[in-house]
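Colleague:
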Amino acid sequence: MNIFSVNNLSYKVSNKLIIKSATFHVKKNVISIIKGSNGAGKTTLLKILFGMIKPTSGSIQRQFDNKTYELSYVFQNSVFLNRSVEDNLNHVLFCKNISKSKWKNLILKTLKEFNLDYMLSLDLKSLSGGELQLLALVRAVLIYPDILFYDEPTNNLDSQNIETFVKMINKFDSNGTSIIIVSHDDDLIKKLKHDELIMKEGVISK
Amino acid sequence: MYVNVVLSFLVELVLQSLANIFELNNSFKDVVILSLYVSVIATIISSVISIYLTSYMAIKNFFGKDAITLIFNSLMSLPPVVVGLILYITFSSSGVLGFMDLLYSPNIMIIAQFIIVTPIIISLSLKCLNDRYSLLSDYLFSLNTSENKIRRTLVYESRYDLLIIVITGMSRALSEVGAVIIVGGNIDNLTRVMTTSIVLETSRGELSLALSLGISLIVIAVTMNLLISYIKNKLL
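So the protein lines, in turn, are chains A and B.
In this text, residue positions in the first sequence follow my numbering: the first is 2, and each later residue adds one.
In this text, residue positions in the second sequence follow my numbering: the first is 272, and each later residue adds one.
What follows is the structure, encoded as structure tokens:
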């Protein structure tokens with residue numbers, strides 16, 4: 002079953018065509034990777050699928066079985082609030098109307114699952130780029146989303162953190178989360194069992 | 272010889288001023304308390320309204336947003352005497368709102384300071400919240416949360432900058448003289464504040480009293496600036 006059916010989608014900025022008549026499907030409960038070089042339009046496509054940007058033309062059908070789907074997005078350069086690690090995670094749960102009594106357990110459980118609970122005692126400013134990237138992923142999966150959008154996940158990650166990342170992604174894949182990743186990292190792509198879409202100069206192909 | 276006379280005069284003036292401050296007689300105390308009361312109330316009301324409005328303006332794009340921003344930026348340099356004059360005309364017995372009987376009361380002074388301070392707090396808050404929102408907008412959008420929670424997040428994340436803006440507004444209110452002297456009338460034990468009292472005592476030749484009020488005003492202003500520095504250095 003498809004979660005997204007994209008038909009003849011185009012996106013233009015100041016007369017420059019970023020995405021050219023893209024037609025494709027994104028399957029449910031699998032990892033889909035949009036692969037392509039820098040400037041190919043991958044991030045724009047991901048933002049359009051998420052609903053952050055409106056396409057210039059074409060259509061996207063979201064087949065969400067009439068239920069409210071929880072979506073999460075991890076940005077290429079994630080921004081954090083000027084608060085502690087715990088309060089950054091608390092903020093997501095606050096925004097998602099999760100009862101305050103559940104916050105602590107939910108955060109601890111998710112961090113422990115990936116051996117990242119040590120972060121709780123650290124100052125946000127003391128975390129490395131790789132740790133921040135993993136924290137951004139934790140922040141996105143705290144609410145157990147139905148669809149996870151991830152833009153260039155391996156930026157800032159060393160080989161050890163990439164292993165942690167792959168473990169996290171596979172875990173959520175096996176839990177039934179549909180994952181859409183944008184990446185140009187061939188090493189990462191080889192490590193994940195996935196559906197692949199290739200993007201080149203705004204044109205998408207299977 | 273001349274220098275000695277001038278110096279002894281200045282020393283005596285400063286000593287007498289300091290004596291006035293430490294004596295803390297009732298009339299002096301009342302003037303300082305009323306000044307703080309009027310400025311604090313005006314700043315609090317202005318801050319609540321301004322921050323509420325600008326948190327809305329920062330996350331919304333609507334027709335006329337740029338024009339409203341431009342108007343508030345221009346109103347930052349609103350001359351206080353003009354504000355005082357307009358309020359005087361409006362609230363005088365033959366004015367549109369004369370029936371409210373507010374002229375020559377602390378309440379009209381609060382209104383005057385509110386009008387002077389609000390464009391400053393709105394303009395600075397809007398700039399601050401706009402900048403913060405452009406930084407956080409993608410992340411906040413990705414949370415798919417309510418507009419109210421986005422605004423609360425934005426204000427909370429900007430809290431230290433906003434506090435500095437509020438203190439800046441209060442400094443402006445405290446040092447204002449043109450409007451409050453027109454609408455308050457500088458009535459002893461009723462509407463006399465530090466700035467209007469300085470004007471009066473100087474014209475009367477009571478320089479030591481005027482200077483003691485001036486020193487108090489500077490101490491309050493310096494304390495607020497120290498507070499701003501503390502917030503900037505320790506909390507930001």
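Ideal Cβ placement from N, Cα and C applies to all residues, glycine included.
Quick caveat: nothing in here was measured; it's all calculated off a predicted structure.
Does DSSP put A:D196 in a helix, a strand or coil?
Modeller: Correct three-state label for A:D196: strand.
Colleague: At a CB distance below 9 Å, what residues from the stretch 69-86 of chain A approach chain B? Give them in sequence order.
Modeller: Those would be E71, L72, S73, Y74, V75, F76, S79, V80, F81, L82, N83 and R84, in chain order.
Colleague: With a threshold of 8 Å between beta carbons, is B:K300 in contact with chain A?
Modeller: So no, B:K300 is outside the interface.
Colleague: Would you tell me roughly how many angstroms separate the C-alpha atoms of A:L112 and A:Y119, rounded to the nearest one?
Modeller: So the two alpha carbons sit approximately 8 Å from each other.
Colleague: Quick one: list the residues of chain B neighbouring A:M53, beta-carbon separation under 8 Å, in chain order.
Modeller: The answer, in chain order, is D409, F412 and S413.
Colleague: In three-state DSSP terms, what is A:R84?
Modeller: Note: A:R84 maps to coil in three-state DSSP.
Colleague: Any heavy atom of the ligand PLP closer than 7 Å to the beta-carbon of B:R463?
Modeller: Of the ligands one can find in the structure shown there are none, so the ligand PLP has no counterpart to examine.
Colleague: What separation, rounded to the nearest whole angstrom, lies between the Cα atoms of B:L411 and B:S310?
Modeller: C-alpha separation (whole angstroms): 36 Å.
Colleague: Between the Cα of B:S408 and those of B:V490, B:I330 and B:Q287, spot the shortest distance and give me the residue it belongs to.
Modeller: It is B:I330.
Colleague: Chain E partners of A:V93, CB-CB under 7 Å?
Modeller: No chain E appears in the structure shown, which is made up of the protein chains A and B.
Colleague: Quick one: what does DSSP say A:Q64 is sitting in, helix, strand or coil?
Modeller: Coil.
Colleague: What three-state label does DSSP hand B:S353 in the structure shown?
Modeller: Per the sequence presented here, residue 353 of chain B reads as Val, with Ser not at that position. Reduced to three states, the DSSP call for B:V353 is helix.
Colleague: State the DSSP-derived secondary structure class of B:T416, mapped to helix, strand or coil.
Modeller: Of the three classes helix, strand and coil, the one that applies to B:T416 here is coil, per DSSP.
Colleague: Decide if B:F343 is buried, meaning its Cβ has at least 16 other Cβ atoms within 10 Å, or exposed.
Modeller: Buried: at least 16 other Cβ atoms inside 10 Å.
Colleague: Taking all protein chains shown into account, decide if A:G42 is buried (16 or more other Cβ within 10 angstroms of its Cβ) or exposed.
Modeller: Looking at its Cβ environment, which holds 16 or more other Cβ atoms inside 10 Å, A:G42 is buried.
Colleague: Here's a check: name, in chain order, each residue in its chain whose Cβ is nearer than 8 Å to the Cβ of A:S58, leaving out the five neighbours to either side.
Modeller: Here the set comprises N9, L10 and S11.
Colleague: Hey, does B:L406 have any beta-carbon neighbour from chain A nearer than 8 Å?
Modeller: Judged by the 8 Å Cβ criterion, B:L406 is in contact with chain A.
Colleague: Check whether chain A comes within 8 Å of B:T494, counting only Cβ atoms and requiring the distance to be less than that.
Modeller: Chain A contact via Cβ: absent.
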